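**Q**
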Amino acid sequence: MDTLRYSTIEATSSKFWMLLGGLALTILIGVLSAHHMEVEGHVISGMNNQIVWGLPHVFAIFLIVAASGALNVASIASVFGKAEYKPLARLSALLAIALLAGGLAVLVLDLGRPDRLIVAMTQYNFKSIFAWNIILYTGFFAIVGVYIWSMMDNSLKKYSKKAGLFAFIWRLILTTGTGSIFGFLVARSAYDTALLAPMFIVMSFAFGLAFYILVLIASYTWTDRPLGDLILNKLRNLLGIFIASILYFVAVYHVTNLYATEHHAIERFLLLDGGIYTLLFWIGQILIGGLIPLALVYMPQTKNCRKTLMVACAMVILGGIAQLYVIIVGGQAFPLEMFPGMEISSSFFDGEIGQYSPSIWEILLGIGGVAISLLLVTVGVAILDFLPDSLADNIVEVKK
Amino acid sequence: MNNVVTKAYKLLRKSKQVTDEPQTDQSKRSFVGGLVGASGLAVAPGVMLYETASAKPADEAVTNKIRWGMLVNVNQCTEDCNACVTACNDEHGLYPEEGSSTDSQWIRKLTVKDPSTENTKSFPVMCQHCEDPPCVDVCPTGASFKREDGIVLVNMHTCIGCRYCIIACPYKARSFVHEVLDNQLPSTPRGKGCVDSCNMCVNKIDAGENTTACAQACEKDGHQAIVFGDLNDSQSEISKRLKDFGGTQIRADLGLNTGVRYQGL
């Protein structure tokens, strides 16, 4: 009774097919939106020559960051030797691949020339962190794929620890690369800081774990498999630590900027009078994505309450999207400081706050990316043994 | 006839191997040029029908012996004059609508005001053709590149439209083509989904004109605020002026060594 067994979920229920159908439809709508944007050009999006990366990039980078974070659960078992996390490792790796695939799909479909993907895959400028990321993302699929194989194939089990370690190192480099997309931008006031790389790693821990917890609870509830409080409370505590870590990095980022007079303008914009960006920062990122879920996670009254945990996870995800919106769109909206201390103007909107409101096509493409991730997980758990039959407390404890 | 086509094909292959110009119509132009050249050969051996002595031969690669640059004298630039912008738009087939946030603008007049003194200056800003261009650094496919003669260009065949270069450029010099274009000029290939920017009138330079549309227009209007020339040639007008009067780089703190300099900033 107490042994750990994995099995596929029943793919015969109407609930399963409805879920699959709903996700497939959402993906289709997203792909059609992207196609429409490609045919008509980005003129039908909310983007312009001031804000060239909009909502699709927010979704894409959120999913990519969450992907590397989702793998963390597996890493805790394989790299840090916490045996109670081992039953969770397979799903963790599957979710990591699925989230990355969803994020990359959005990123590629938002290119000006998505038809030239083959160019991006074959011609590399190795000074570009973007080019490195293409290699890191592709490598992530391969490495996590091998990791999953080593966990599932008994004859390869002895290699799973090594594969897990390699995947962990790879994912750290990968998220460093994603943060560096912004960290390496020397001319933008909101970027140009090495802090963005570790901050993105911490963000990935929280976003990925929040996604993981939601998928775990949903799949166990829908398939009527036992899921004990023991493992959920471990994940809950971990989530709290990650949320607090993000708040720490965000505080360091802003306090450092506030200390230097040259950065006062961007700080004023983000924290005080940046309109939607200020609102998203304080209400979305700090309150909804940080303080409230932190309270929900650590309040003694909410211990063992799954609904509260799920609400906290959803809030971390929403707060994460808000945070990336502030970083990506807000960072571009703040005008380039070509002549610090001067007032500049031109027909090209120099010196003005960039205007952007996402179009429906961008929103549908972004949601389509999330659906791709969820569809891959749904199909994955239906065809391969990713989920343990039971994660009841006795199973998790036995493995300790 | 077969002989003519073979010769034309060889010319085309040769020009494709050595040319640094990446633009869409270059190959077509080379092919047409090749055909004309081959016809010339066919009419009478040893007799050419045209002369291109002033231009660099198409099969001669550009070298780093030359570094093209521009010097903008801010004091000679007047606020109400837009001649350089209009000339650029005409030269490259850009038709930006007033107030459009999505149309390409390769050059724009910037008004810079010192709030403490009310001192106001107006001058053109375009791609600064940096020696170490951030756009080239960040481009994942190498579509953004710098020619040996210092001109920063976008290869329209390999630009995937990721727009990273636009975010990386400290001068807001690049534009993304947001919609279908049907009015491009053969000398300036552009297209939906790709990024473009000031190409320092590479079409004129490669044709041996050795000037830019903006500099020509400025001179024609009598301001002579833009001087185009070879920064590596100490005897060129631009080098002499820079030596005598100095020149400022925008965001010199970034250490990019721009090819466009400003006098009187």
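Chains as they are written, first to last, in the numbering used here: chain A, 1 to 400; chain B, 1 to 265. Just so you know, even glycine gets a beta-carbon here, dropped at the ideal spot from N, CA and C. Note that this is a predicted model, so its numbers are computed, not measured.
Counting only the same chain and skipping the five closest in sequence on each side, list residues whose C-beta sits under 6 Å from that of A:I353.
**A** Mapped onto the first sequence, residue 353 of chain A falls at position 353. The answer, listed in chain order, is A333.
**Q** In the DSSP assignment, find the unbroken alpha helix (DSSP H) run with A:P198 in it and report its ends.
**A** As a working note, residue 198 of chain A is residue 198 in the first sequence. Counting along the chain, the alpha helix (DSSP H) containing A:P198 begins and ends at 196 to 222.
**Q** List the residues that DSSP assigns as beta-bridge partners of A:M37.
**A** As a first step, residue 37 of chain A is located in the first sequence; it is residue number 37 there, counting from the start. According to DSSP, which records beta bridges pairwise, A:M37 is partnered with nothing at all.
**Q** Sort A:A60, A:D393, A:T3, A:I64 by Cα distance to A:D229 and report the nearest one.
**A** Looking up residue 229 of chain A in the first sequence gives position 229. Of A:A60, A:D393, A:T3, A:I64, the residue nearest in Cα terms is A:D393.
**Q** Could you check whether the Cβ of B:A168 sits closer than 8 Å to any Cβ belonging to chain A?
**A** For the purposes of this step, residue 168 of chain B is taken as the residue at position 168 of the second sequence. Taking Cβ atoms only, chain A reaches closer than 8 Å to B:A168, which makes this a yes.
**Q** Against B:H92, what residues of chain A qualify as contacts under a CB-to-CB distance less than 7 Å, listed in chain order?
**A** Counted from its first residue, the second sequence places residue 92 of chain B at position 92. Near B:H92 there are no residues of chain A at all, since even the closest Cβ is about 15 Å away, more than 7 Å.
**Q** For B:Y262, write down the residues that DSSP places opposite it in a beta bridge.
**A** One-based indexing of the second sequence puts residue 262 of chain B at position 262. Paired residue(s): B:V72, B:T248.
**Q** Distance check for B:R261 and B:Q128, CA to CA, integer angstroms please.
**A** For this step, residue 128 of chain B is matched to residue 128 along the second sequence. For this step, residue 261 of chain B is matched to residue 261 along the second sequence. Straight-line Cα distance between these residues: approximately 8 Å.
**Q** Look at the alpha carbon of A:A251 and the alpha carbon of A:I241, and state the distance between them as a whole number of angstroms.
**A** Position 251 of the first sequence, counted from the start, is the residue given in the question as residue 251 of chain A. Position 241 of the first sequence, counted from the start, is the residue given in the question as residue 241 of chain A. A:A251 and A:I241: Cα-Cα distance of roughly 15 Å.
**Q** Any Cβ of chain A within less than 8 Å of the Cβ of B:L41?
**A** What you label residue 41 of chain B is simply residue 41 of the second sequence in a count that begins at 1. Caution applies to B:L41, whose pLDDT of 41 falls short of 50 and renders its modelled position unreliable; the value that the coordinates give is listed next. B:L41 does not count as touching chain A.
**Q** Is any beta-carbon of chain B found at less than 8 Å from that of A:S346?
**A** Locating residue 346 of chain A in the first sequence gives position 346, counting from the first residue. So, interface residue.
**Q** Can you list, in chain order, the stretches of the alpha helix (DSSP H) that have 4 or more residues and sit fully within the region 190 to 262 of chain B?
**A** Taking only runs of at least 4 residues, the alpha helix (DSSP H) segments lying wholly in the region 190 to 262 of chain B are 202 to 206, 213 to 220, 237 to 245.
**Q** So which of B:I205, B:Y171, B:Y95, B:D244 has the shortest CA-CA distance to B:I300?
**A** Residue 300 of chain B lies beyond the range of chain B shown here (1 to 265); nothing can be said about it.
**Q** For the region 315 to 389 of chain A, list the beta strand (DSSP E) runs that are entirely contained and at least 3 residues long, ordered along the chain.
**A** Runs found: 343 to 345.
**Q** Drop a sphere of 10 angstroms on the beta-carbon of A:P340, count the other beta-carbons inside from all chains shown, and report buried for 16 or more, exposed for fewer.
**A** Counting from one through the first sequence, the residue named residue 340 of chain A turns up at place 340. It is exposed - the Cβ of A:P340 has fewer than 16 other Cβ atoms within 10 Å.
**Q** What distance in whole Å lies between the Cβ atoms of A:A210 and A:V316, which are believed to be in contact at a cut-off of 8 Å?
**A** In the first sequence, counting from the first residue as 1, residue 316 of chain A sits at position 316. In the first sequence, counting from the first residue as 1, residue 210 of chain A sits at position 210. With 8 Å as the limit, A:V316 and A:A210 qualify as a contact, their Cβ atoms being about 4 Å apart.
**Q** So with Cβ pairs under 8 Å, would you call B:R108 a contact of chain A?
**A** For the purposes of this step, residue 108 of chain B is taken as the residue at position 108 of the second sequence. Yes, its Cβ sits closer than 8 Å to a Cβ of chain A.
**Q** When DSSP labels each residue in this structure, what does A:I51 get in the three-state scheme?
**A** Mapped onto the first sequence, residue 51 of chain A falls at position 51. Of the three classes helix, strand and coil, the one that applies to A:I51 here is coil, per DSSP.
**Q** Chain A beta carbons: is any one of them nearer than 8 Å to that of B:D182?
**A** Mapped onto the second sequence, residue 182 of chain B falls at position 182. For B:D182, the answer is no, since every Cβ of chain A falls outside 8 Å of its Cβ.
**Q** Distance check for A:V144 and A:A93, CA to CA, integer angstroms please.
**A** Translated into the one-based positions of the first sequence, residue 93 of chain A becomes position 93. Translated into the one-based positions of the first sequence, residue 144 of chain A becomes position 144. Whole-angstrom Cα-Cα distance: 6 Å.
**Q** Residues in its own chain within less than 8 Å of A:M310 by CB, not counting five upstream and five downstream?
**A** In the first sequence, the residue the question calls residue 310 of chain A occupies position 310. The residues are I213, L214, I217.
**Q** How big is the Cα-Cα spacing for A:V43 and B:L94?
**A** To locate residue 43 of chain A, count along the first sequence from 1; it is residue 43. To locate residue 94 of chain B, count along the second sequence from 1; it is residue 94. Using only the alpha carbons, I get a separation of about 16 Å.
**Q** So that I know if they touch, is there some Cβ in chain A lying closer than 8 Å to that of B:H178?
**A** Taking the second sequence and counting its residues from 1, one reaches residue 178 of chain B at position 178. At least one chain A Cβ lies under 8 Å of B:H178.
**Q** Does the Cβ-Cβ distance between A:L387 and A:S219 come in under 8 Å?
**A** Within the first sequence, residue 387 of chain A is the residue found at index 387, counting from 1. Within the first sequence, residue 219 of chain A is the residue found at index 219, counting from 1. The answer is yes: Cβ separation under 8 Å.
**Q** Within 8 Å (strictly less), CB to CB, does A:V146 reach chain B?
**A** Here residue 146 of chain A refers to the residue found at position 146 of the first sequence. No, A:V146 does not count as interfacial toward chain B.
**Q** Given this structure, state the Cα-to-Cα distance separating A:F182 from B:G229, to the nearest angstrom.
**A** Mapped onto the first sequence, residue 182 of chain A falls at position 182. Mapped onto the second sequence, residue 229 of chain B falls at position 229. About 35 Å.
**Q** Between the region 81 to 100 of chain B and the region 180 to 188 of chain B, do three or more beta carbon pairs fall short of 8 Å?
**A** Enough Cβ pairs lie closer than 8 Å, so yes.
**Q** Please classify B:P189: is it buried, with 16 or more other beta-carbons within 10 angstroms of its beta-carbon, or exposed?
**A** Taking the first residue of the second sequence as position 1, residue 189 of chain B is located at position 189. So B:P189 counts as buried.
**Q** Check each candidate in A:L239, A:G320, A:M199, A:L258 and name the one with the smallest Cα separation from A:I288.
**A** Translated into the one-based positions of the first sequence, residue 288 of chain A becomes position 288. Nearest C-alpha to A:I288: A:G320.
**Q** Less than 8 Å separating the beta-carbons of A:V73 and A:G164?
**A** On the first sequence, position 73 is the one that residue 73 of chain A refers to. On the first sequence, position 164 is the one that residue 164 of chain A refers to. Going by C-beta atoms, A:V73 is not nearer than 8 Å to A:G164.
**Q** Whole angstroms is fine: what's the gap from A:F328's alpha carbon to A:F269's?
**A** Taking the first residue of the first sequence as 1, we reach residue 328 of chain A at position 328. Taking the first residue of the first sequence as 1, we reach residue 269 of chain A at position 269. Before going further, note that residue 328 of chain A is Ile rather than Phe in the sequence given. For A:I328 and A:F269, the distance between alpha carbons rounds to 14 Å.
**Q** Relative to the alpha-carbon of A:Y55, which residue among A:I231, A:T221, A:L364 has its alpha-carbon at the smallest distance?
**A** What you label residue 55 of chain A is simply residue 55 of the first sequence in a count that begins at 1. Just to set this straight, residue 55 of chain A is Leu in the shown sequence, not Tyr. Selected option, being the one with the closest Cα: A:L364.
**Q** Count the other C-beta atoms from every protein chain shown that fall within 10 angstroms of the C-beta of A:I286, then say buried if there are 16 or more, exposed otherwise.
**A** Indexing the first sequence from 1 puts residue 286 of chain A at position 286. Result: buried.
**Q** Within a Cβ cutoff of 7 Å, which residues of the same chain sit near A:S359, ignoring the five residues on either side of it in sequence?
**A** Sequence index remark: in the first sequence, residue 359 of chain A carries index 359 (1-based). Answer for A:S359: I44, S45, G46, listed in chain order.
**Q** If we ignore side chains and look at the alpha-carbon of each, how far apart do B:G99 and B:T78 end up?
**A** Position 99 of the second sequence, counted from the start, is the residue given in the question as residue 99 of chain B. Position 78 of the second sequence, counted from the start, is the residue given in the question as residue 78 of chain B. B:G99 and B:T78: Cα-Cα distance of roughly 22 Å.
**Q** In three-state terms, what does DSSP make of B:Y95?
**A** Start at 1 with the first residue of the second sequence, and residue 95 of chain B comes out as number 95. Here B:Y95 sits in coil by DSSP.
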